[in-house]
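**Q** Letter 410 of the sequence shown, counting from 1, is numbered 410 in full-length UniProt numbering, and no numbers are missing. For glycine and all other residues, C-beta sits at the position ideal for the given N, C-alpha and C.
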Amino acid sequence: MSTAETTANETDIFISDKPDPKAGSVPPFVLPDLEEVDEEENISVAELSQIRDFHYSTTQPPYQVGLDQQTMQEYRLEQLESIERNESTSLWLPDSKRSNGTLVTDAHVTILGTAEGTQTRLESDAGDQYGNESELLLVPRDGTVLTHLDYSTRIPEGTCVTTDQTRTCLNVTLLDQETDRTLKIGNQSWSGDPETPHQLDYADANASGATTMEVEATITSRLAVQETTYVREGTDWVLSNTTDNETLELSHMVQDEAPVVVTTNQELSIEQTIIESDDGIDRLILEFDGPETLHDRRLWSTATFEEGAGKIENIWGVYSQRQYETGTRGQRPGDELPISPDQTESNTTVPVLNDASSGVSTGNETLEQQLLAPATHQETVPFPNVLEKQLAAQRERPTLDGEQNTSIANPPELASSNSFSFASEPASLDGDVNLSSVEPRGQTTLTITNAEQPITEVRDIHGDPIPVSTQTVQERDAQLETAILNDTHAELHLFEGETGEALGNETLWLHGAAQGQVTTDSDGTAVVERRDLYVTASFTGETDPVEEVYYGPAEAQITFQPEAFNIYQLLMSFTGAFVSIIAFVILYIPFAYMRDANK
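(1) Spell out a yes or no on whether the region 260 to 273 and the region 286 to 305 are touching, meaning 3 or more CB-CB pairs, one atom from each, closer than 8 Å.
(2) Using only CA atoms, which one of Arg232, Glu457, Ser417 lies nearest to glutamine 165?
(3) Quick check: the region 137 to 147 against the region 185 to 203, are there 3 or more CB pairs under 8 Å?
(4) Just to confirm the assignment: which complete beta strand (DSSP E) runs, minimum length 3, are found wholly within the region 135 to 211?
(5) Quick check: the region 206 to 218 against the region 237 to 246, are there 3 or more CB pairs under 8 Å?
(6) How would you call histidine 511, buried or exposed, if buried means at least 16 neighbouring beta carbons within 10 angstroms?
(7) Helix or strand or just coil, what does DSSP make of arginine 322?
(8) Below 8 Å between beta carbons: does that hold for threonine 58 and tryptophan 316?
(9) How would you write the range of the beta strand (DSSP E) that arginine 441 sits in, first residue to last?
(10) Which residue or residues does DSSP assign as beta-bridge partners of histidine 489?
(11) What residue range does the alpha helix (DSSP H) around arginine 76 cover?
(12) Between Ser538, Ala514, Tyr534, Leu533, which has its C-alpha nearest threonine 520's C-alpha?
(13) Which residues does DSSP list as the beta-bridge partners of phenylalanine 539?
(14) Tell me which residues share the same chain as glutamine 453 and place their Cβ nearer than 6 Å to its Cβ, disregarding the 5 neighbours each side in the sequence.
(15) Can the beta-carbon of leucine 508 be found less than 8 Å from the beta-carbon of alanine 526?
(16) Going by DSSP, name the residue or residues bridged to asparagine 241.
(17) Is DSSP giving threonine 59 helix, strand or coil here?
(18) Within 10 angstroms of its Cβ, does glutamate 457 collect 16 or more other Cβ (buried), or is it exposed?
(19) Where does glutamate 307 sit, in a helix, a strand or coil, going by DSSP?
(20) Assuming valine 109 is part of the beta strand (DSSP E), what are its boundary residues?
(21) Go ahead and pull the three-state DSSP assignment for glycine 24.
(22) Do threonine 399 and the ligand NAD come close, with the Cβ less than 7 Å from some heavy atom?
(23) Would aspartate 460 be called buried (16 or more neighbouring beta carbons within 10 Å of its own) or exposed?
(24) Going by DSSP in three states, asparagine 418 sits in which element: helix, strand or coil?
(25) Does DSSP put threonine 120 in a helix, in a strand, or in coil?
(26) Who are the Cβ neighbours of threonine 173 in its own chain at under 6 Å, not counting the five residues just before and after it?
(27) Do the region 556 to 563 and the region 528 to 535 touch if we need at least three Cβ pairs shorter than 8 Å?
(28) Kindly indicate which three-state DSSP category threonine 263 falls into: helix, strand or coil?
(29) Taking Cβ to Cβ, would you say threonine 168 is nearer than 8 Å to threonine 229?
(30) I think proline 398 touches asparagine 450, with their Cβ atoms under 8 Å apart; what is that distance to the nearest whole Å?
(31) Helix, strand or coil for glycine 280 per DSSP?
(32) For histidine 252 and serine 221, I'd like the C-alpha separation in whole angstroms.
(33) Would you mind stating whether aspartate 523 and alanine 554 have Cβ atoms separated by less than 8 Å?
(34) Do you know offhand how far isoleucine 275's Cα is from arginine 441's?
(35) Going by alpha carbons, who is nearest to glutamine 474 out of Gln73, Glu547, Ser82, Glu81?
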């Protein structure tokens, strides 16, 4: 990584592991486009592309990287494709699942994430029902999986076996190798494209819950086995015959897997209610209906007003960081040259193809049994800057974006938000990163006031649209009256303020009552039992799509009178306790003193 030197005329570049006295704030240069930063702050794009850690909105990544102004996806793929490999070495990562075959060794295929997906890194209370939910990879229905496949090949060494007057030498040559990749999500599978070996594209993934993404790679090697016979003439060996015995085909499969959720298949219905008054739109109510757990609820990211009149940004952001600092390079011995018949017997007896007791065997099974991989020399090497994307909660509740029209006297405002907890802990960020994450919360209802235009588009965290159903209604006042029935019960009556029409089958939320909520009957009434002397009943508002009206919120408080008997009983209990204390002081303490004096 490189930085620009800070002078009086230059702007200090934010680096992820650099201490920041304002920890928790988003770096000031992170704007919608790095070109704007380049113009405003006089920082080159090349310098900015060295910065590893970004925090940005999920559906609109606000930066590009590199001299060619690449997108995030292009940059990650270019870094991945920069890995060089050859037949005699393999480069693997700390979590690579390596395996050895009869010809290849240190073979692995490692999932490095997806182009559109993101890791969760959120600690949930859901337990292990869906595996480790904190490690779920959230992916869209159509996407691209990024993988790294590598292995080293051991070319078998030649060997010779000598009888009385004959020497037979066996040499093995690698003709070619090819790899076939397969991606599986749940019960579906897709084949890889040899033209883009590092990426596996998939479409129409139909998994409806947490499942497994599995990548398989089959390495197929073709070997030519050549047998050469020499006869002794005096002190020399003379070529007698050369035969191409056979062509062997050996295969070895490696795989990797990750727990995933196809979030675009998850449930979420969005209903927008436009409440109109005589002056136009009075307010908007967005209702988000769906499961309330991370693994089965579709996550929305932005809601855009009609005619580009701003947008609402949800809590979600993506934290990008370098996935691996280093990898391990396994170095194999160099390929051996074919054996000459003039070599000594000690130099030609190689375990690979040698079977001195029964002569040279060229059978396929025996060859595979004898192709044993020798030890690998390992060294630590830098790994390309393939960024990993992690889902984080940037804020506790949605906000209107910062680009609202400041000329409006009364800009739109998020008046209220009803929410629930998605996870028990915020996203885990590196300790040196001066960004913050909060406990993520999902929304059930958003109320927007001063909006001149309705919401016309909602997108999820992958940028895919979510349908929105809209209804327009007129607002009517609702009233809530109370009547005390006895010392412990009261009656609530909910009705329309103008006509007096009862509002039946509506939910009233209670505080201080024996129950948390109650539903009105067909007459708009409900009976509640008190728990405290004060009971508060609230009607949060409800839309009647048939009548095309919206009944506004209402609230009432019930005050119960304390019972005289209970107060008298309470005073008597206090009096009894007081008398007991006085009796203890008068009778016990002198008695205890006298006992102590008699000792």
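**A** With the given structure in hand:
(1) yes
(2) Arg232
(3) yes
(4) 137 to 139, 143 to 153, 159 to 162, 166 to 185, 188 to 191, 199 to 202
(5) no
(6) exposed
(7) strand
(8) yes
(9) 441 to 449
(10) Glu529
(11) 72 to 81
(12) Ser538
(13) Ala554
(14) Phe305, Glu306, Glu307, Ala309
(15) yes
(16) Thr229
(17) coil
(18) exposed
(19) helix
(20) 104 to 114
(21) Low per-residue confidence applies at glycine 24: pLDDT is 37, beneath 50, and the placement is therefore not dependable, though the value from the model is reported in the following sentence. Looking at glycine 24 - three-state DSSP - the assignment turns out to be coil, as it is neither helix nor strand.
(22) The ligand content of the structure shown is nil, which means the ligand NAD is not present either.
(23) buried
(24) strand
(25) coil
(26) Ala224
(27) yes
(28) helix
(29) yes
(30) With a Cβ gap of about 16 Å, proline 398 and asparagine 450 do not count as contacting.
(31) strand
(32) 9 Å
(33) no
(34) 26 Å
(35) Glu547
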